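The block underneath contains the structure these notes are about, expressed in structure tokens.
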Amino acid sequence: MKMIAPITMTDGQLVSSDVPEDDAPVWAAGTTYGDGAEVMLDHRVYRSAVAGNSGNDPRTDDGTNWIDLYATNRWKAFDKLVSDPVQQVEKITYRITPAEAVGAVAFVNLGAYRARVQVFSASGQRLYDKEQFIGGISAIYDYWTFFTVDLSLSIMQEMVFANIPGYPGNEILIELFAETASATVSVGQIITGPSYTLGITMSGTATGIKDFSTKDRNQFGDSIIVERAFADTTSYQFALPSRTAHNVKRLLSKQRATPSYYYVSEDAMEFGAQVYGFFQDFEIPLNAGGTSYANLKIEGLT
Numbered sequence: 003m004k005m006i007a008p009i010t011m012t013d014g015q016l017v018s019s020d021v022p023e024d025d026a027p028v029w030a031a032g033t034t035y036g037d038g039a040e041v042m043l044d045h046r047v048y049r050s051a052v053a054g055n056s057g058n059d060p061r062t063d064d065g066t067n068w069i070d071l072y073a074t075n076r077w078k079a080f081d082k083l084v085s086d087p088v089q090q091v092e093k094i095t096y097r098i099t100p101a102e103a104v105g106a107v108a109f110v111n112l113g114a115y116r117a118r119v120q121v122f123s124a125s126g127q128r129l130y131d132k133e134q135f136i137g138g139i140s141a142i143y144d145y146w147t148f149f150t151v152d153l154s155l156s157i158m159q160e161m162v163f164a165n166i167p168g169y170p171g172n173e174i175l176i177e178l179f180a181e182t183a184s185a186t187v188s189v190g191q192i193i194t195g196p197s198y199t200l201g202i203t204m205s206g207t208a209t210g211i212k213d214f215s216t217k218d219r220n221q222f223g224d225s226i227i228v229e230r231a232f233a234d235t236t237s238y239q240f241a242l243p244s245r246t247a248h249n250v251k252r253l254l255s256k257q258r259a260t261p262s263y264y265y266v267s268e269d270a271m272e273f274g275a276q277v278y279g280f281f282q283d284f285e286i287p288l289n290a291g292g293t294s295y296a297n298l299k300i301e302g303l304t
């Protein structure tokens, strides 16, 4: 049972990317914008809500003159919105020099053929190099499923690279590849940060979703279904030494208002018990015998 506490990505840490940041013209204070005009500022895209829009800074506007639409394509990987991914044909690359220690990198809502993470020292020495393929055969278990199964159900959309020597000053190179040169690569979130072990995941851990779709009936009994987003949920049950309960409580309390990445281990992703989000309920019934059993419920971001 582990948790990645994400670092906040900044201009100083995101060294470069091959994803262009050209979503809209850069906002200029001396330019007059018409109703519906879009501009870009500080990695966000804004739309003008009025005609004759001049001298109104989108960053400080209350919505009267500018509507904050979304992050630029390059920065969608760090905007805490899983369902609106960064996209690019063939390949996506990010170079990051963290200002604090990074022990793991996680990808959420990943649409790629393979992923590679490398770490280089300040002098250019390669310290870490690992590649993973985004695929699986867990949905195939006999001849019938071999010929009939929907293979998309078997493709992993999340991935973790652990034990990364991402010390301050080292450079982390992240590369995501499509299967062909004409295919699109996408990722909802790239999460980098220190990885903490909370305990040992136990049987009884449950994974599911919280659906925000609406299902109603009209006066004739006809079903009216409106499909909307959903959030992943996981209820963890894990064991931990009773003497570490205080440390685990403090660590989780620190993340109470910060979305974090929770997972069983990097080798157990096929169970689907990983989620990027907030914890809702957390309790450690203490056991004086030495081992306590905790409950932790996480609701994912959409």
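So the sequence shown is numbered by the working numbering: it starts at 3 and just counts up by one. We treat Cβ as the ideally placed atom computed from N, Cα and C, and that holds for glycine. Owing to the predicted nature of the structure, the values given are computational and were not obtained by experimental measurement.
Inter-residue spacing [alpha-carbon to alpha-carbon] between residue i and residue j
{"i": "THR62", "j": "GLU40", "result": "16 Å"}
{"i": "PRO60", "j": "VAL28", "result": "11 Å"}
{"i": "ILE98", "j": "ALA247", "result": "34 Å"}
{"i": "ARG76", "j": "ALA290", "result": "50 Å"}
{"i": "ARG160", "j": "LEU288", "result": "Arg is not the amino acid found at residue 160; the sequence shown has Glu there. One C-alpha to the other measures close to 33 Å."}
{"i": "ILE286", "j": "GLU272", "result": "27 Å"}
{"i": "ALA296", "j": "PRO8", "result": "23 Å"}
{"i": "THR270", "j": "ARG219", "result": "The sequence given here has Ala at residue 270, not Thr. Their Cα atoms are separated by approximately 41 Å."}
{"i": "PHE135", "j": "LYS82", "result": "24 Å"}
{"i": "HIS45", "j": "ILE69", "result": "14 Å"}
{"i": "GLY223", "j": "GLY206", "result": "38 Å"}
{"i": "ILE174", "j": "GLU23", "result": "20 Å"}
Cutoff 8 Å; reference residue i; Cβ partners in own chain excluding five residues on either side
{"i": "ASP37", "result": "SER50, ALA51, VAL52, ALA53, ASN55"}
{"i": "SER255", "result": "none"}
{"i": "PHE179", "result": "GLU92, LYS93, ALA114, TYR115, ARG116, ALA117, ARG118, VAL187"}
Spatial neighbours of residue i in its chain, beta-carbon cut-off 7 Å, leaving aside the 5 residues before and after
{"i": "THR182", "result": "none"}
{"i": "LEU200", "result": "MET3, LYS4, MET5, PHE240, LEU242, VAL250"}
{"i": "TYR278", "result": "VAL84, VAL110, GLN191, ILE193, PRO261, TYR263, GLY302, LEU303"}
{"i": "ILE226", "result": "ASP218, ARG219, ASN220"}
{"i": "TYR169", "result": "ALA103"}
{"i": "LEU43", "result": "VAL28, TRP29, PRO60, ARG61"}
{"i": "VAL88", "result": "VAL21, ASN75, ARG76, LYS78, ALA79, ILE94, SER188, VAL189"}
{"i": "ILE202", "result": "MET3, PHE240, ALA241"}
Selected residue, minimal CA-CA separation from residue i, among the options
{"i": "GLU177", "options": "VAL107, SER215, ASP59, GLY201", "result": "VAL107"}
{"i": "PHE284", "options": "ARG252, GLU173, ASP234, GLN15", "result": "ARG252"}
{"i": "GLN90", "options": "VAL21, ASN58, SER197", "result": "VAL21"}
{"i": "ALA103", "options": "GLY126, PRO87, GLY171, ALA270", "result": "GLY171"}
{"i": "THR216", "options": "GLY223, GLU229, THR74", "result": "GLU229"}
{"i": "THR33", "options": "THR235, ASN58, GLN15, GLU23", "result": "ASN58"}
{"i": "TYR35", "options": "TYR48, ASP25, ASN165, PRO196", "result": "TYR48"}
{"i": "SER197", "options": "VAL266, ALA31, SER125", "result": "VAL266"}
{"i": "ARG128", "options": "ILE166, ARG258, TRP146, THR10", "result": "ILE166"}
Close Cβ partners of residue i (< 6 Å) along its chain, the five nearest in sequence each way excluded
{"i": "TYR96", "result": "SER19, ILE176"}
{"i": "GLY113", "result": "SER188"}
{"i": "GLY14", "result": "none"}
{"i": "GLN276", "result": "GLU160, TYR265"}
{"i": "THR293", "result": "ALA241"}
{"i": "THR186", "result": "GLN89, VAL91"}
Residue i, DSSP secondary structure in three states
{"i": "LYS82", "result": "coil"}
{"i": "LEU288", "result": "coil"}
{"i": "GLU182", "result": "Per the sequence presented here, residue 182 reads as Thr, with Glu not at that position. It is coil, neither helix nor strand."}
{"i": "ARG97", "result": "strand"}
{"i": "ALA259", "result": "coil"}
{"i": "MET204", "result": "coil"}
{"i": "MET271", "result": "helix"}
{"i": "ASN297", "result": "strand"}
{"i": "ALA241", "result": "strand"}
{"i": "ASN165", "result": "strand"}
{"i": "TRP68", "result": "strand"}
{"i": "LEU253", "result": "helix"}
{"i": "ARG49", "result": "strand"}
{"i": "ILE139", "result": "With a pLDDT of 49 at ILE139, under the threshold of 50, the modelled position of that residue is not reliable, and the figure given next carries that caveat. Coil."}
Fill in: the region 197-217 touching the region 109-120, judged by at least three CB pairs closer than 8 Å
no
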